[in-house]
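Report on the following structure.
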Amino acid sequence: GRAPTPKRHMSGFVANLLQPGGGVALIPFIRYVIFALLCLTLTGFGLGVARIHMAILSFLCGGLLISLSVFQAEWDRLQRARAGEKTTTTSSQGSGAATKSAPKTD
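Positions 223 to 328 (the numbering used here) are the ones given, in order, by the sequence shown.
As structure tokens, then:
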């Protein structure tokens, strides 16, 4: 086999992002960008540049970081639950028991 070229690797990453649920891979990057924005707005507030605007933007950045953390925690919990469901369904099918899997909601 050939080593993957950067173009091939990048097209695989883009293909991953375009799949349902693939955008979750961007959460760490988004978190860093929002954190950098929070640092800039807090610095602007400290320096007295458009103080009320920087205070509001800092509040919004903080809220966005918190909401991203909550979303990622729920996403991870859901993924773990689905992984557990698949192993349970697979093991119970092997024993001959009839099982009905829950419908996917995404």
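Even glycine gets a Cβ: it sits at the ideal position worked out from N, Cα and C.
- Distance check between Y254 and each of C283, G306, A303 places C283 closest, using alpha-carbon atoms only.
- A distance below 7 Å between beta-carbons, with the five flanking residues on each side excluded, links G244 to the following residues of its chain, in chain order: N238.
- Contact between A277 and F267 holds: CB atoms are separated by about 6 Å, below the 8 Å threshold.
- Note that the C-beta distance between S280 and L300 is not below 8 Å.
- Residues of the same chain with a CB within less than 8 Å of the CB of F293, apart from the 5 flanking positions on each side, are I249 in chain order.
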